[in-house]
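Structure first, commentary second.
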Amino acid sequence: MKLCNDPVHCKYIRYWMWVTLAILLFPEDCMAQSDEKPVKKPAADSAEWQFIDNDQIKVGVKRTSGAAIGWMSLSGSDRNLVNHFDRGRLVQQSYYGNADGSLWDKQPWNWNPVQGGHYKGQGAPVTELKVDQQTLYAKSTPLHWATGEVLSDCTMEQTIKLTDTVAHVHYVFSYKGQQQHAERDQEIPAVFLEPEFKHLVVYSGDQPWGKGMPDGKLDERTERTIPGWPNEHRKITEHWAAYVDDTGFGLGAYVPVANDLTCYRFGDGKREHGACSYFAPLTRFAIKPGFVWEYDVYLTVGREAEIRQRFYELTK
1 MKLCNDPVHC KYIRYWMWVT LAILLFPEDC MAQSDEKPVK KPAADSAEWQ FIDNDQIKVG
61 VKRTSGAAIG WMSLSGSDRN LVNHFDRGRL VQQSYYGNAD GSLWDKQPWN WNPVQGGHYK
121 GQGAPVTELK VDQQTLYAKS TPLHWATGEV LSDCTMEQTI KLTDTVAHVH YVFSYKGQQQ
181 HAERDQEIPA VFLEPEFKHL VVYSGDQPWG KGMPDGKLDE RTERTIPGWP NEHRKITEHW
241 AAYVDDTGFG LGAYVPVAND LTCYRFGDGK REHGACSYFA PLTRFAIKPG FVWEYDVYLT
301 VGREAEIRQR FYELTK
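To convert, note that position 73 of the sequence shown is 73 in my numbering; the numbers rise steadily by one, no gaps.
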């Protein structure tokens, strides 16, 4: 049975159905084969991790997963909010094109360059990495999610700059191939958080950033929900979303070019079982020869009201 037609929406459905079954049948083997252990603090800068820290927030990228973002926390804190359970998690670039005859978990799949790597665990290669205390630049060659092929006609670039409590991420995707791909929904980017951050916060009202409100005050009617499984949809008229825990603390992403969002929560709430919270701001475009796509993402951690206020300040 085909669960859905849109790869953005069915990609994770198929994968995590398989993961859940594997864990139930072979729990000890699954834990032994996972490339992640349920610990919150990795070693300092290493062959696997590279960090930047401005004494307010700390961001880490995984060298072994295309230098995708795998860590974000308050500076000095061991509490990482980003889920990096495998190559498909993280905060990362992922794009979709034509059906290409590939199979993922016996499911016909599409051309799908992914920054983190292949679903079987192979990481995407990093070709360039430059870093100072508050800025990090990485260039990588994505892998096809379903086949593990190194897509040498694609390049993914990522520049992270820390300013106060906000990480500004500039993404660039370049395609030098010859195929004209069909228009698809695109994740900009895929964002995975630890499962305790279960409350999704968005603004989908008709007065974004206080438009039409007296004295320019923000409309306080944000929506706080716990998404289900599989994918759900939200409007984001202020172009941001956040997941927060029961205390209201969490991580938010502001993507000025996104008006829509796909989201879900997977699993039993335990990270070691593969549980996570996911959202992806969406846009729609077709990838064609000579295509270059650039966009900006702003990430921050804090209380719900702080997250929104920081994003509001970016619009001024």
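In this text, a Cβ means the ideal position worked out from N, Cα and C, and glycines have one as well.
C-beta atoms of N112 and A99 nearer than 8 Å = no
Nearest neighbour of K161, chosen from V114, L151, L136 [CA to CA] = L136
Three-way DSSP call (helix, strand, coil) for H273 in this model = helix
Should H118 be labelled buried (16 or more other beta-carbon atoms within 10 Å of its own) or exposed?
-> Buried, by the Cβ-count rule.
Confirm, please, whether the CB-CB distance from G88 to W71 is below 8 Å.
-> no
Sub-8 Å separation of G122 and G148 beta-carbons = This sequence places Gln at residue 122; Gly is not what is there. It is a contact, given that the beta carbons lie within the stated cut-off.
Given a cut-off of 8 Å, decide if A182 and A286 are closer than it, judged by their beta-carbon atoms.
-> yes
Using 8 Å as the Cβ pair cut-off and three pairs as the minimum, do the stretch 205–214 and the stretch 188–197 touch?
-> no
Do the CB positions of A242 and E304 come within less than 8 Å of each other?
-> Yes.
Are Y298 and H168 close, meaning C-beta to C-beta below 8 Å?
-> yes
Between which two residues does the beta strand (DSSP E) harbouring R310 extend?
-> No beta strand (DSSP E) holds R310; the alpha helix (DSSP H) holding it covers 304–314.
Classify S204 as helix, strand or coil using the three-state DSSP reduction.
-> Of the three classes helix, strand and coil, the one that applies to S204 here is coil, per DSSP.
What number of angstroms, rounded off, separates the C-alpha of T247 from the C-alpha of S140?
-> 37 Å
Apart from the five residues just before and just after W229, which ones in its own chain have a Cβ nearer than 7 Å to its Cβ?
-> Y264, R265, F266
With C-beta atoms as the reference, is A280 less than 8 Å away from L261?
-> yes
Option nearest T171 by Cα separation, candidates S277, I188, P142, H144 | Looking at the sequence provided, one finds Tyr at residue 171 rather than Thr. It is I188.
Would you kindly work out how many angstroms separate the C-alpha atoms of S94 and V150, rounded to a whole number?
-> Per the coordinates, the alpha-carbon of S94 lies some 14 Å from the alpha-carbon of V150.
Measuring CB to CB, does Y96 end up less than 8 Å from P7?
-> The answer is yes: Cβ separation under 8 Å.
Hey, how far is the Cα of A124 from the Cα of S152?
-> Rounded to whole angstroms, A124 to S152 spans 11 Å at the Cα level.
Assign G302 to buried or exposed, taking buried as 16 or more other Cβ atoms, counted over all protein chains shown, within 10 Å of its Cβ.
-> buried
Length of the line joining the Cα atoms of L103 and K176 = So the two alpha carbons sit approximately 24 Å from each other.
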